[in-house]
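Residue numbers (this note's numbering), protein chains in the order written: chain A, 2 to 338; chain B, 2 to 338.
Virtual Cβ for every residue (Gly too), placed ideally from N, Cα, C.
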DNA sequence: ATAAAATGGTTAAGCGCTTTCCAAGGACCT
DNA sequence: AGGTCCTTGGAAAGCGCTTAACCATTTTAT
């Protein structure tokens, strides 16, 4: 049998209270007894049962991270940073992939409530925001990641999506593009990126043709399909802004399959700056999110909320950065006016 | 306050034992009382505290998955399948990234033992196998993933790495390549792939030059660096087998940076068939592991071991498959003999 | 009709910890 | 010498659940 605190206490000839206190460095314990207890702990290879301690402390020192899909590189990269930060703060992480599926969202959230997670991080792409609103009523700490919801007062940390969209479109416009299309996910953050597109085109007196904005879900195939549609149009765009790199990679593939050269014939810009964006040919111009900073911040915010539940909510927006690589250039000459 | 089983019992005017039994569908409870209890559970929005139940049952219904890095696409893809399967079996998963770092390995394993994980999955890339051996002594269920260790009798599920290497090299040889190099990770599975290389070259009477085998760790940069070295040699290989796709992508980049065309000037073959391998130009010829099957199998094996600790250990090797895409071709004419 | 078994539910112990409260003893002061 | 304070450690309650043991009915078998 695994040794328990009782075994340690008996061997060390002290009470279990004392053992508990030396483990947790609480109370006041003299040096000799502390050493004696520690020696026994070593000898028995005793490991405290944190399930038991969680039950008494009503606190599990674990967080839940709810994302659409860990196999999506954007989420796996950010998850990694969140894991590191959480671990650094002495917390463990449950990572759950919900596939943009409300059913799964519900199941996982109930499960993790049962598991007594101390707090929840809900990432972009979460469908049923009502589920999250229930957290508020039950006073469960939540913070939203890259999902800037304005209807309720959640703590959120995100990139400034509008600004990111602005950066991307502005880059294309300043290269001389007049006919710019967008392929965007059907999630809130992409909608914000899209707003920047519309606003900026408006500011430059360019018409926004609805044919030029495609809404889809993130996958290489969908990016490909969307791009194919765009390229078959009569008045084909000279540049496309894909609202994430996955979609952009699909767009690149589509262009290539039609024999079009990027960026000579058409420019493509992505968003997120995932590893993917350096493995393509040409390498992808994109907008980078400071995901490490975001990861650190979100666990800080969540911990703060756990410790001090009644603090004001806070929204943190990080500023994105344009990364110019090889996939954008001036539009083809004959198309310029 | 969150409702407990006592609240439900009081409201339903039954004992907590009865409530427990209807929740767990154990014992024999009449239909009327069951309905009555369930109604109260609904009304109070009661969620059983699984921390408490874990303490009494001495079982947490959770597994630990120890991998080097969740942000590596190979691991994030397979983690996703493992998560799905575990969840399907009613288990949750702790995923931990150890960065090939013995320090972190140790910390995480102790942590997860404290958390009372019911079983452990140790993935390829785990450095300190002694840590795992301790599991055996403590009777903690472990199974090894894609890490075919022969020194101890662990349960393992893996791809047949030797056969995979064989497939890759055989493909290159049958295309006519005589001068084949290898870039391999410094992990056991890659070593097996390397054995196939040596054996096959031997069988065909080709000399194995040690200059042609590079050992490194998995990253795009390392692949690039290794390839650069290979290409600067006098007697440059006409084909290279990268023991995983990450390395292969690096190799592709290196070739391109030197103005070499793949596969016209040099062939590259990868291993793993990650999404990455379809996003490159040219698309990567590679060896696919059936990771979904492997994922399903490994949780089955682990669960079996948890339930029946004294069953014989079992090693399951899945057979890999060659996926021919665009990055391999016959060697350049002037180099053939 | 009576014994045996099945049914439906309760009581109570215990899982391995944390933490509050208390007591004993020593140091220090008046 | 007696009182006060501080330090160190222990006793015991309780966290929310499961489950063995038990009891009282009711059903079934003989």
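(request) Would you decide whether residue 73/B is buried or exposed? Buried here means 16 or more other CB atoms lie within 10 Å of its CB. (result) With 16 or more other Cβ atoms from the protein chains shown falling within 10 Å of its own Cβ, residue 73/B counts as buried.
(request) Could you check the C-alpha separation between residue 171/B and residue 201/B for me, to the nearest Å? (result) 7 Å
(request) Using three-state DSSP, classify residue 197/B as helix, strand or coil. (result) helix
(request) Determine the DSSP secondary structure at residue 338/A, reduced to helix, strand or coil. (result) Confidence at residue 338/A is low in this model, with a pLDDT of 44, below 50, so its placement is unreliable and no value can be given for it.
(request) Please name the residues in the region 77–107 of chain A whose beta-carbon is closer than 7 Å to at least one beta-carbon of chain B, in chain order. (result) 77, 78, 80, 81, 84, 93, 95, 96 and 98
(request) Below 8 Å on the Cβ atoms is my guess for residue 281/A versus residue 324/A; work out the distance and round it to an integer in Å. (result) Contact flag wrong, Cβ pair sits at about 13 Å.
(message) Less than 6 Å separating the Cβ of residue 172/A from some heavy atom of the ligand NAP?
(response) Looking for the ligand NAP in the displayed structure turns up nothing, as the structure carries no ligands at all.
(message) Can you tell me whether residue 275/A is buried or exposed? The criterion is at least 16 other CB atoms within 10 Å of its CB, across all chains shown.
(response) buried
(message) To the nearest angstrom, how far is the alpha carbon of residue 148/B from that of residue 185/B?
(response) 15 Å
(request) For residue 161/A, return the contacting residues in chain B, with the cut-off set at a CB-CB distance below 8 Å. (result) What residue 161/A touches in chain B: nothing, since even the nearest Cβ is about 24 Å away.
(message) What does the Cβ neighbour count give for residue 94/B, buried or exposed, with the cut at 16 atoms within 10 Å?
(response) buried
(message) Strictly by DSSP, which residues pair up with residue 156/A?
(response) Paired residue(s): 144/A.
(message) If distances are taken between C-alpha atoms only, which option among 87/A, 199/A and 36/A comes closest to residue 301/A?
(response) 87/A
(request) Using a threshold of 7 Å, state whether the C-beta atoms of residue 263/B and residue 328/B are closer than that. (result) yes
(request) Taking 7 Å as the cut-off, decide whether the C-beta atoms of residue 83/A and residue 289/A are in contact. (result) No, they are not a contact pair.
(message) To the nearest angstrom, how far is the alpha carbon of residue 21/A from that of residue 68/A?
(response) 37 Å
(message) Does residue 338/A pass the burial test, meaning 16 or more other C-beta atoms within 10 Å, or should it be called exposed?
(response) Caution applies to residue 338/A, whose pLDDT of 44 falls short of 50 and renders its modelled position unreliable; the model cannot decide the point.
(request) Would you list the one or two residues that DSSP bridges to residue 181/B? (result) 240/B
(message) Give me the DSSP bridge partner(s) of residue 63/B.
(response) The partner list for residue 63/B (beta bridge, DSSP) reads 93/B.
(request) Spell out whether any CB of chain A is found under 7 Å from the CB atom of residue 218/B. (result) no
(message) Pairs of beta-carbons, one from the region 9–27 of chain B and one from the region 100–117 of chain A, closer than 8 Å: are there three or more?
(response) No: fewer than three Cβ pairs fall under 8 Å.
(request) For chain B, find out if any of its Cβ atoms is closer than 7 Å to the Cβ of residue 49/A; answer yes or no. (result) yes
(message) Any contact between the region 160–178 of chain A and the region 192–199 of chain A? By contact I mean 3 or more CB pairs, one from each, below 8 Å.
(response) Yes, the region 160–178 of chain A touches the region 192–199 of chain A.
(message) Quick check on residue 228/B: buried or exposed, where buried means 16 or more other Cβ atoms within 10 Å of its Cβ?
(response) Burial call: buried.
(request) Would you kindly work out how many angstroms separate the C-alpha atoms of residue 27/B and residue 7/B, rounded to a whole number? (result) 18 Å
(request) For residue 234/A, I'd like the list of residues in its chain whose CB is within less than 8 Å of its CB, leaving aside the five on either flank, ordered along the chain. (result) 212
(message) Under 7 Å, Cβ to Cβ, is there at least one residue of chain B near residue 338/A?
(response) In this predicted model, residue 338/A has a pLDDT of only 44, less than 50, meaning its place in the structure is not dependable enough to derive any value.
(message) Starting from residue 217/A, trace the beta strand (DSSP E) in both directions and tell me its first and last residue.
(response) 214–217 is the span of the beta strand (DSSP E), which, as asked, contains residue 217/A.
(message) Check whether the region 117–129 of chain B and the region 50–64 of chain B touch, using three or more Cβ-Cβ pairs below 8 Å as the test.
(response) yes
(request) Using 10 angstroms around the beta-carbon of residue 306/B, count the other beta-carbons present and answer buried if the total reaches 16, otherwise exposed. (result) buried
(message) Residues in the same chain with beta-carbon distance under 7 Å from residue 224/B, minus the five sequence neighbours each way, listed in chain order, please.
(response) 184, 243, 247, 248, 249, 250, 251 and 252
(message) Suppose contacts are defined by Cβ-Cβ distances below 7 Å. Is residue 332/A in contact with residue 239/A by that definition?
(response) yes
(request) Give a yes or no on whether the minimum CB-CB distance between residue 11/A and chain B is below 7 Å. (result) no
(message) Using DSSP's beta-bridge definition, name the partner residues of residue 286/A.
(response) 270/A
(request) From the DSSP output, read off the bridge partner residues of residue 98/A. (result) Looking at the DSSP assignment, residue 98/A forms a beta bridge with 68/A.
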